[in-house]
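For the sequence shown, position 64 (counting from the first letter as 1) is numbered 72 according to the numbering used here, and the numbering increases by one without interruption.
To keep things clear, I will list the structure first and then write my remarks on it.
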Amino acid sequence: MKIGVLSVQGAVSEHLDHLIRCGVEAVAVKNISMLDEVRGLILPGGESTTIGKLIEIFGLAESIKKRSLEGSLAVFGTCAGMILMARDISDGIDEQPRLGLLDIKVKRNAFGRQRESFETELEFDSFGYPLVGVFIRAPIIEKTGENVEILAKLPEGIIAAKKDNLLTTSFHPELTDDIRVHQYFVEMCKRV
Ligand code: GLN
């Protein structure tokens with residue numbers, strides 16, 4: 009099974025390494041023909057406005073939306089990827105480009121200057137032991153729509169959620185050695 013990492017801007021190689029460690033074929037997706045080959049796609053961290061503009065220009069946005077909504081593509085957005093997946097962005101810039109795949113409302117850079125970058129332990133879904141989350145100018149989910157499952161929270165808000173073939177985390181699971189979140193996504197890809 010092939011799983012892609014959107015590769016227009018942002019932190020790509022760490023996601024590819026984690027996917028390879030999960031035992032799948034990992035590809036850096038830069039164009040439509042590469043996107044056509046994958047069952048799952050990771051939207052990495054980076055700068056959400058830039059990534060959003062580039063995927064429109066490269067013609068990738070349309071296909072990601074179509075395939076994920078019809079259920080033939082699983083999508084996992086981390087950090088900036090969460091912002092791209094969100095239907096509502098409470099403090100986004102005007103006409104911020106987005107995919108709008110998941111019924112969540114997010115706030116960008118939600119942890120303020122004091123906690124701009126930090127690591128913390130968190131409980132994630134039904135994982136047997138806690139996970140270390142790495143947060144870098146991370147967003148939070150302020151509100152979730154119907155049937156969106158909340159997977160993890162911090163006092164500031166929701167930081168991981170899932171619905172059907174869509175998964176999102178505020179933190180960067182590719183930046184620790186722990187591959188459980190990627191394994192969780194690989195299992196989701198098998199079901200699409
Ligand atoms: N703050 C960035 C944004 O709004 C996201 C940061 C990240 O992906 N690490 O796009």
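Glycine included, every Cβ here is placed at the ideal spot set by N, Cα and C.
| Check | Outcome |
| --- | --- |
| Cβ-Cβ distance between residue 193 and residue 84 below 7 Å | yes |
| Proximity test, residue 121 beta-carbon vs ligand 1 heavy atom, cut-off 6 Å | no |
| Sub-7 Å separation of residue 159 and residue 146 beta-carbons | no |
| C-alpha distance - residue 195 paired with residue 157, whole-angstrom precision | 16 Å |
| Whole-angstrom C-beta distance between residue 86 and residue 52, which should lie under 8 Å | 6 Å |
| Cβ-heavy atom distance, residue 87 to ligand 1, below 6 Å | yes |
| 6 Å Cβ shell around residue 105 - same chain, five flanking residues per side excluded | 60, 61, 64 |
| Whole-angstrom C-beta distance between residue 152 and residue 91, which should lie under 8 Å | So it is not a contact: roughly 15 Å between Cβ atoms. |
| First and last residue of the uninterrupted beta strand (DSSP E) at residue 44 | It is not in any beta strand (DSSP E) - residue 44 instead sits in the alpha helix (DSSP H) that spans 40-44. |
| Close-in-space but distant-in-sequence residues of the same chain around residue 50 (CB under 6 Å, 5 per side omitted) | 13, 23, 84 |
| Boundaries of the alpha helix (DSSP H) in which residue 25 is found, first to last residue | 21-29 |
| Cβ pair residue 164, residue 148 closer than 7 Å | yes |
| Buried/exposed call for residue 173, threshold 16 Cβ in 10 Å | buried |
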